[in-house]
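Engineer: Line by line, the protein sequences are chains A and B.
The first sequence lines up with residues 123 to 349 when you count with my numbering.
The second sequence lines up with residues 5 to 804 when you count with my numbering.
The beta carbon of each residue, even a glycine, is placed where N, CA and C say it ideally should be.
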Amino acid sequence: MIQLKEIDKYIESRFQRVFILKGINLTINEGEFVTLMGPSGAGKSTLLNILGLLDEDYAGEYWFGDKNITKMRDRDRSALHKSEFGYIFQAYHLIDELTVYENIETPLLYRKVSSNERKSIIADLLDRFNMVAKKDLFPAQLSGGQQQLVGIARAIAGRPRILLADEPTGNLHSAQAQEIMEVFQELHKEGTTIIQATHARENADFGTRLIQMLDGKIDQDEVITHV
Amino acid sequence: MWKNYLKVSFRNLQKRRLYTGINLLGLTIAIVSFLAICLYIHHEWSYDKMYTGYDRIYRLNQEFRSEGQSQLVSSTPSSLIPTLIDEVPEVENGTLIFDISIFSTVMVDAGDGNQEEKEFAFADENFFEVFDFSLISGNPSQILSEPNLVVLTKTTAERYFGTALNAAGKAIKIDNKDYTVSGVMEDFPSNSHIKFDFLASFKTHRHGKDPEWSPSNYYTYVKLKSESDPQVFEGKLGQIVDKYLGKDLAEYGYETAFFIQPVTQIHLGDQSLGSIKPGTDIRYLYIFGIVAILLIAIGVINYVNLATAEATERNKEVGLRKAMGAGRGQLFGQFVSESMLLTFASTTLSILALYLIAPKFASISGVPLNLELIISPLGLILMGGFIVFLGVLAGIYPSLILSGMEPIKALANKTKIGGGAWVRKSLVVFQFFVSIGLLISTFVVKSQLDYMQGVNLGYEKEHLISLSYHYNMRDGIEIIKNEMLRSGAASSIARAADMPIHVKAGYRVFPGGDNPREFMITGYSVDTDILETIDLELIAGKKFTDSDIQRSDLEDGSERFPVILNETAVKEMGWTAEEAVGKTINLGFNSNSEIKGVVKDFYFNSLHFQVSPLVIFNDPDQSNVLLVKLPEGNPTEHLATLEGVWKELVPDRPFNPVFVDQAYEKMYSSEMQASVIFGIFSGIAIFIACMGLFGLVSYVALRRTREISIRKVLGATQENVIQVLAADFMKLLAFAAVLASGFGIWFSNKWLQDFTYKTNLSIWPFVLSISLVFILAILTIAYRSWKVYSLNPAKTLKSD
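Right under this line is the structure:
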């Protein structure tokens, strides 16, 4: 589904190039639940951003199915971005001025989903995450775990095939983290491809594949077997 | 989608109350000014379009030519219109108006005693057919068709008879002649160049019964047939002149020509032609239009500046939305809808505010604001367009900046809105350039007005009053004069043709006597006491004496008619003042006028014009006013004494004293109005610009709170902090001040060009304007930095 060929990402500093990613070759198949691990500065987030089409400033080739993203026109890339990807952030990144309901609605609006359809999608999501009673609250009125649930609901509202999560549990305590990871597992079972970056080894156990990164390179790539 | 945009926009505006408040207030004030000016301009532009077939109505003006000199006037002979109607096939109809207010007032008595009226005119029987003003009572074709009929306006009818309907058919005395009120008309619309309280039938007048080709005292209007070509019509006017006037004119060495002016162009046209109602200089409309646009620009700039300054804080939102799939267009839409919401709110508020200020505006500008124009269907559509236009104008740049941020950098809060800074700086410079520029203009206009008030006119206008009297009072006028002098409330009294502020009568000096030259000269009829009464300085020869008149009455050609000239007249003849005394000149009507004295030049006309040659006649019977010099002491008491004398001697005529210095000021009312309007607008501009500055400083202060706290901990005083915050802005202001000074110099030269006698361009308007704006700006910044300074550093630093 996704194939990265010789991806380099560097910052041009005064005297030398500082590589953030160097020579990344990676293939991710549909339905995988991939965990990126590694110390800070290893390039996890950068790789995630490149995968999620949020960062276009790199060298190398990015194939999505049979399409070469790097050679795509802006408009097509933007369409692809809208239809295939969902994002979850460590800091939740909900829009403070919008209610729970409206936060979830936003990506649907950008996808020009009809009003009736929006209502039913959001109703399903609220129901699924037990947030029906909280739909009119603003983010500041929710706990961290709840906010992240809204973040997930928002990310999957547009029914993306790939879900990208950057430290989704980084700001949460362990019980909340556990809950979020279970949700991920469930989404994975339903067929969503998930790529997450994390520091927590236990999160990787929910997935099917673990990629260890070090200094901008892939250090280890192993399959997680579930007992 | 739009619903969502609006909702988000609304919440954003709500969240940033300070900025929203600044923007809302600034835009509202700007829009109120803008709309008021638009309505004003619309009113001035809409003149004389209410008559049926107004585009076929023309006023006939006249040009006199003689030896290379040309004079244009709007008055024409009384024979012109009957002749045109009879002989020129292009003419559908036409009418004549005789505005007697330029000569004298009338006394009107409807049974309750005499009242002095100024707005009185005669009009011929076609008046209401050409100008179809609506009538409350009366038949338009008949109400002016017989002698001694008068039509009143609604207000006048109510003033004299209680109600408009009550007035019809009533008897009324005008200058002791009996008239019948034949009809009542609605008041003249404010956008008609014709405006009177009374219209009497021209048939009452001598020239209404027997039209003549002289004098040219009448306004003539023609309505052409719809198929007629105005050019062809104008061409035929030459034949009329040749046929009826050619011979007489040739005798006097004059040439005359009639030309047409569309009635709709009278109000904004050449003001020197003269008109029933003073028109508007079209240049003022252009200036006001530009000012209106500048004010809107200042308000919009506040929005642009604050929105882009804020952009750094909205990074996260933009990044997120992009991550969620928002296209640039969609983000753009969202931010524009925010500015649109704001302009919508401001415009709505402005319209409400306009209703509140309309009466005040009308009293300052003399023009009623027709607010119905705004709420008419077309008006509402225009308002809608205006809101969208303004919303896009204000929103486009911030929206482009915001929607153009890269999502990753935006999310990481790494975007520095450095690129926008120079734009913001130039906009601030522009705002203050406009503010300071307007302020300088105001002070320049003001200093010229002060100059005109304070200039030595060559005569004394303080403590001088003018009492107009009717020609039929002239036999008793000496008695009134003597009684007033005896009462002690007058130190000197002279009879004169008019107040010395504006002497109008034009004469011509012909070669003859001792003088070989021919030129135009202004004539001023006075009596023997004029020199003392208005303090004219005699530089050669003698004053008039009572015996002068008796001698000139002989008219046997052997005696000489004494005149006094001003310096300019003497110079024009090529003599010195001393040489001139005793010489004779030819003034046409009397070939042997003897120069008895020469006075120092004084300003007997508007300061727009150069002092021209003047001849002063000792001819009290041509006089219309008593000029009374009040002695030292309380003028109110003196006036009361004078009124007592007047009431006793002329009980049937009201006592209406006019202070000459006030009448003098009135001559410059359009300049005065311009100075008031400039003053108001520059105040508004400065206010809006300072509010914007406050917003920007607040933003900077907020961003630098930490820095300021550290400085405070390190021992910075409040002044240091103000310096830190003010330094950048002061540079911008200084730059704006330099630009504005350049503009000010250009403007002063341009504006003062119109005045022959003008104040020197001084540095004060510039110093005053610039320091005023700087002080306001520093206060604004100081207030904001005081608030930051007073924060507890322990708290502001802890959060990091």
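Name the residues in the stretch 220-238 of chain A whose C-beta lies less than 8 angstroms from a C-beta of chain B; which are they?
Structural biologist: Taking 8 angstroms as the Cβ-Cβ cut-off against chain B, the residues of the stretch 220-238 of chain A that qualify are L220, E224, E227, T228, P229, L231, Y232, R233 and K234.
Engineer: From K485 of chain B to I497 of chain B, what does the alpha carbon distance come to, in whole angstroms?
Structural biologist: 7 angstroms
Engineer: Buried or exposed: where does V704 of chain B fall if 16 or more other Cβ atoms within 10 Å of its Cβ makes it buried?
Structural biologist: buried
Engineer: Could you name the residues of the same chain whose beta carbon sits closer than 7 angstroms to that of P234 of chain B, not counting the 5 residues immediately before and after it, in chain order?
Structural biologist: Y62, L228 and I264
Engineer: Skipping 5 residues on each side, what residues in its chain have a beta carbon closer than 7 angstroms to that of Y209 of chain A?
Structural biologist: G174, A277 and L286
Engineer: Unbroken alpha helix (DSSP H) runs of length 4 or more, entirely within the stretch 720-768 of chain B: which are they?
Structural biologist: 722-756
Engineer: Note down the Cα distance separating S562 of chain B from G517 of chain B, rounded to an integer number of angstroms.
Structural biologist: At S562 of chain B, the pLDDT of 48 sits below 50, so the modelled position is not reliable and the matter cannot be decided from this model.
Engineer: Would you kindly work out how many angstroms separate the C-alpha atoms of A500 of chain B and V507 of chain B, rounded to a whole number?
Structural biologist: 10 angstroms
Engineer: For the pair the stretch 366-374 of chain B and the stretch 309-319 of chain B, tell me if three or more CB-CB distances fall below 8 angstroms.
Structural biologist: no
Engineer: Taking 8 angstroms as the threshold (beta carbon to beta carbon), is Y209 of chain A in contact with chain B?
Structural biologist: yes
Engineer: Counting along the chain, where does the beta strand (DSSP E) carrying V155 of chain B start and finish?
Structural biologist: L153 to T157
Engineer: In the structure shown, what three-state DSSP assignment does W217 of chain B receive?
Structural biologist: coil
Engineer: So with Cβ pairs under 8 angstroms, would you call N16 of chain B a contact of chain A?
Structural biologist: For N16 of chain B, the nearest beta carbon of chain A is closer than 8 angstroms to its own beta carbon.
Engineer: By DSSP's criteria, S265 of chain A is part of a beta bridge. Which residues make up the other side?
Structural biologist: S265 of chain A is not bridged to any residue.
Engineer: Using 8 angstroms as the limit for Cβ to Cβ distance, is S200 of chain A near chain B?
Structural biologist: yes
Engineer: With DSSP run on the structure shown, which of helix, strand or coil describes N147 of chain A?
Structural biologist: strand
Engineer: Return the Cβ separation of I688 of chain B and L299 of chain B in integer angstroms, given the expectation that the two are a contact with Cβ distance under 8 angstroms.
Structural biologist: 6 angstroms
Engineer: Can you tell me where the beta strand (DSSP E) with G510 of chain B in it begins and where it stops?
Structural biologist: G510 to V513
Engineer: Rounded to the nearest angstrom, what separates D552 of chain B and D479 of chain B at their Cα positions?
Structural biologist: 18 angstroms
Engineer: For chain B, check one thing: does any of its Cβ atoms lie closer than 8 angstroms to the Cβ of A204 of chain A?
Structural biologist: Ala is not the amino acid found at residue 204 of chain A; the sequence shown has Lys there. K204 of chain A counts as touching chain B.
Engineer: Please compile the residues from chain A whose C-beta is within a distance smaller than 7 angstroms of the C-beta of E321 of chain B.
Structural biologist: The CB of E321 of chain B comes closer than 7 angstroms to the CB of I217 in chain A, given here in chain order.
Engineer: Can you give the Cα-Cα distance for L558 of chain B and G586 of chain B, rounded to whole angstroms?
Structural biologist: Only weak support exists for where L558 of chain B lies, its pLDDT of 48 falling under 50; the coordinates are left without a value.
Engineer: Output the boundary residues of the alpha helix (DSSP H) element that contains W579 of chain B.
Structural biologist: W579 of chain B -> no alpha helix (DSSP H), and no H or E assigned at all.
Engineer: What residue range is occupied by the uninterrupted alpha helix (DSSP H) comprising L397 of chain B?
Structural biologist: Here the alpha helix (DSSP H) through L397 of chain B covers P381 to S407.
Engineer: Run through chain A and tell me which residues come within less than 9 angstroms of L324 of chain B, C-beta to C-beta.
Structural biologist: Y209, F211, H215, L216, I217 and T228
Engineer: How long is the line joining the alpha carbons of N519 of chain B and V459 of chain B, rounded to whole angstroms?
Structural biologist: N519 of chain B and V459 of chain B: Cα-Cα distance of roughly 33 angstroms.
Engineer: Return the chain-ordered ranges of every alpha helix (DSSP H) run that is complete within the stretch 189-223 of chain A and spans a minimum of 4 residues.
Structural biologist: 196-206
Engineer: Do you know how far the Cα of F68 of chain B is from the Cα of A261 of chain B?
Structural biologist: 7 angstroms
Engineer: In terms of residues, what are the limits of the alpha helix (DSSP H) holding V295 of chain B?
Structural biologist: I286 to E314
Engineer: List, in chain order, every chain B residue whose beta-carbon is nearer than 9 angstroms to that of G280 of chain A.
Structural biologist: Neighbours of G280 of chain A across chain B, judged by C-beta separation under 9 angstroms: M328 and G329.
Engineer: Going by C-alpha to C-alpha distance, which of B:A693, B:V725, B:C694 and B:M695 sits closest to R708 of chain B?
Structural biologist: B:V725
Engineer: Tell me which residues share the same chain as S679 of chain B and place their Cβ nearer than 8 angstroms to its Cβ, disregarding the 5 neighbours each side in the sequence.
Structural biologist: For S679 of chain B, where only same-chain residues beyond five positions count, the Cβ hits under 8 angstroms are T446, V449, K450 and L453.
Engineer: Please classify Y816 of chain B: does DSSP put it in a helix, a strand, or coil?
Structural biologist: Nothing about residue 816 of chain B can be reported from this structure: the residues present for chain B run from 5 to 804 only.
Engineer: Can L216 of chain A and V272 of chain A be called in contact, C-beta distance under 8 angstroms?
Structural biologist: yes
Engineer: Is it true that the CB of N118 of chain B sits closer than 8 angstroms to the CB of P658 of chain B?
Structural biologist: yes
Engineer: Tell me, please, which residues DSSP counts as bridged to T99 of chain B.
Structural biologist: B:Y225
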